[in-house]
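Yeah, the sequence shown ends on 388 if you go by our numbering, and it's all consecutive. Every residue gets a Cβ at the ideal spot worked out from N, C-alpha and C, and that includes glycine. Input: a single structure, listed below in structure tokens.
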Amino acid sequence: MLLHSLASRRERFNPRTGWVSRIRDHGRLMSGGLALLVAASVLLAALPVSAADAPRGGSREPLTVDAFSVVKIRAKVVPDARSRATLGPEREGTGIVIDSSGLILTIGYLIQEAETVEVSAVDGRPLPASVIAYDFSTGFGLLRAIKAPAIKPIAFGDSARVSDSEPVLIVGFDGVAPAFVVSRRPFAGYWEYLLEEAIYTAPATVNWQGAALINKEGKLLGVGSLVVNDALGARARLPGNMFVPIDLLKPILGDMIAQGKSANKPRPWLGINTQDLQGKLIVTRISPDSPAEKAGLVSGDIIVGVRGETIHSQADFYRKLWASGDAGAEVMLDVLKGTEIRKLGVTSMDRNHYLRPRPTY
């Protein structure tokens, strides 16, 4: 497969105007995808030989997924996994080979609470792998295959230097999709997760979980995390994907390999899912047996402040929550229950102690 994008639709994106044209009619598919194909052709032509086509007998082979440093990941979680209800008992996505010993980088939720993990290259032969680490703050996960896949590791790029409108490739285990970087901005997840500067790309592609974001030099810029409806932020509604920047991995990689986690102190975790409504947070889910449940928070409660300070957004809530101390600290929330605002003390915990990962590290 030379290029892989959405099977059910193609989108044409103009990085100057943010204009997207959805083309569903098969008769218009070629013209609708022309801009992306041209951009991809330019990007592929710029890739170094080691990351793109390899000459053979004076000719060049078609570019396929095996030209990149990716493998397929299949994970099964433990029967009593806390994340089973939300993420499922079996998970599938992409891993990125980052060294010659079989170290594989992916998005952590694929391997969270995993009991068994297999990785396979293009030849389809599965290799058992062990979970090395999962860093909740960034979302990165690390695996090590029992035997190093016969794939050249990818080099890290400099994600801080990525600019809007930069053409990139999104490489998953099942194909390659051309895209553009459309914004760099914070991402706040409903599950107590915040990136101060995520990378957003468009158009949206399928099988983004753990996919490699690659620049024209064939270097890794980020790891695929989510599909989003607001890749451009408040400027316009544009479906796309969110990537965790690779620069976040560089200072913690050594500790993750050696200790199974970063050296940073664990943040206080409450066990809530929330939805941002005009700066106030509606509690949409409480994790069973979590600090929030034990403190009396319920779905439908509205969090309006932390330690007496008004919150203005989901991101603002997380910053104030994590400023309350390390994991285990008591966090005082201002909670609207019905028509009354109450002070509610929640004794936080380390999220690692809540999950059931059956760690191999």
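>> Checking 9 Å against the spacing of the C-beta atoms, do residue 377 and residue 289 come in under that value?
In response: In the sequence shown, counting from the first residue as 1, residue 377 sits at position 350. In the sequence shown, counting from the first residue as 1, residue 289 sits at position 262. No.
> What separation, rounded to the nearest whole angstrom, lies between the Cα atoms of residue 141 and residue 114?
Replying inline: Here residue 141 refers to the residue found at position 114 when the sequence shown is read from its first residue. Here residue 114 refers to the residue found at position 87 when the sequence shown is read from its first residue. Taking the Cα positions, residue 141 is about 11 Å away from residue 114.
>> Applying the 10 Å Cβ sphere with the 16-neighbour rule, what's the burial state of residue 104?
In response: As a first step, residue 104 must be located in the sequence shown, where it is residue number 77. By the 10 Å Cβ count, residue 104 comes out buried.
> Taking Cβ positions, are residue 237 and residue 199 nearer each other than 9 Å?
Replying inline: By one-based count along the sequence shown, residue 237 stands at place 210. By one-based count along the sequence shown, residue 199 stands at place 172. In this structure, residue 199 lies closer than 9 Å to residue 237 by Cβ.
>> Measuring only the C-alpha atoms, how far is residue 285 from residue 278?
In response: As a position in the sequence shown, residue 285 is number 258, starting the count at 1. As a position in the sequence shown, residue 278 is number 251, starting the count at 1. Linking residue 285 to residue 278 through their CA atoms gives a straight-line distance of about 13 Å.
>> So for residue 369, helix, strand or coil by DSSP?
In response: On the sequence shown, residue 369 is found 342 positions in, with the first residue counted as 1. The answer is strand: DSSP assigns residue 369 an E or B state.
> Using DSSP with H/G/I as helix, E/B as strand and the rest coil, what is residue 145?
Replying inline: Position 118 of the sequence shown, counting from 1, holds the residue named residue 145. Reduced to three states, the DSSP call for residue 145 is strand.
>> Considering only DSSP beta bridges, list what residue 103 is partnered with.
In response: Sequence index remark: in the sequence shown, residue 103 carries index 76 (1-based). According to DSSP, which records beta bridges pairwise, residue 103 is partnered with 117, 143.
> By a C-beta neighbour count over all protein chains shown, 10 Å radius and 16 as the cutoff for buried, is residue 336 buried or exposed?
Replying inline: Here residue 336 is taken as the residue at index 309 of the sequence shown, counted from 1. Counting Cβ neighbours within 10 Å, residue 336 comes out exposed, since fewer than 16 surround it.
> If residue 123 sits next to residue 96, beta carbons under 8 Å apart, how far is it from one beta carbon to the other, in whole angstroms?
Replying inline: For the purposes of this step, residue 123 is taken as residue 96 along the sequence shown, with counting starting at 1. For the purposes of this step, residue 96 is taken as residue 69 along the sequence shown, with counting starting at 1. Between residue 96 and residue 123 the Cβ distance is about 6 Å, and since that is below 8 Å, they are a contact.
> Can you tell me where the alpha helix (DSSP H) with residue 378 in it begins and where it stops?
Replying inline: Working through the sequence shown from its first residue, we reach residue 378 at position 351. It spans 378-381 - the alpha helix (DSSP H) in which residue 378 sits, taken as one unbroken run.
> CB residue 147 to CB residue 154, shorter than 9 Å?
Replying inline: As a working mapping, residue 147 is identified with position 120 in the sequence shown. As a working mapping, residue 154 is identified with position 127 in the sequence shown. Yes.
> Excluding sequence positions up to five away, which residues of its chain have a Cβ less than 6 Å from the Cβ of residue 215?
Replying inline: Numbered from its first residue, the sequence shown carries residue 215 at position 188. Here the set comprises 221, 341, 342.
> Hey, which unbroken runs of the beta strand (DSSP E) at 3 residues or more fall wholly within the segment 241-292?
Replying inline: 247-255, 267-272
> Among the residues of its own chain, which have a CB less than 8 Å from the CB of residue 355, if the five just before and after it don't count?
Replying inline: Walking along the sequence shown from the start, residue 355 turns up at place 328. Only 295, 374, 375, 376, 377 meet the Cβ criterion.
>> Going by DSSP in three states, residue 237 sits in which element: helix, strand or coil?
In response: Walking along the sequence shown from the start, residue 237 turns up at place 210. Coil.
> Who are the Cβ neighbours of residue 363 in its own chain at under 6 Å, not counting the five residues just before and after it?
Replying inline: Here residue 363 corresponds to residue number 336 of the sequence shown, with the count starting at 1. Excluding positions up to five away in sequence, the list reads 329, 331.
> Roughly how many angstroms separate the alpha carbons of residue 235 and residue 101, rounded to a whole number?
Replying inline: The residue given as residue 235 occupies position 208 in the sequence shown. The residue given as residue 101 occupies position 74 in the sequence shown. Rounded to whole angstroms, residue 235 to residue 101 spans 14 Å at the Cα level.
> Looking at residue 270 and residue 250, is the spacing between their C-beta atoms short of 9 Å?
Replying inline: Taking the first residue of the sequence shown as position 1, residue 250 is located at position 223. Taking the first residue of the sequence shown as position 1, residue 270 is located at position 243. Yes, the pair counts as a contact, with Cβ atoms nearer than the cut-off.
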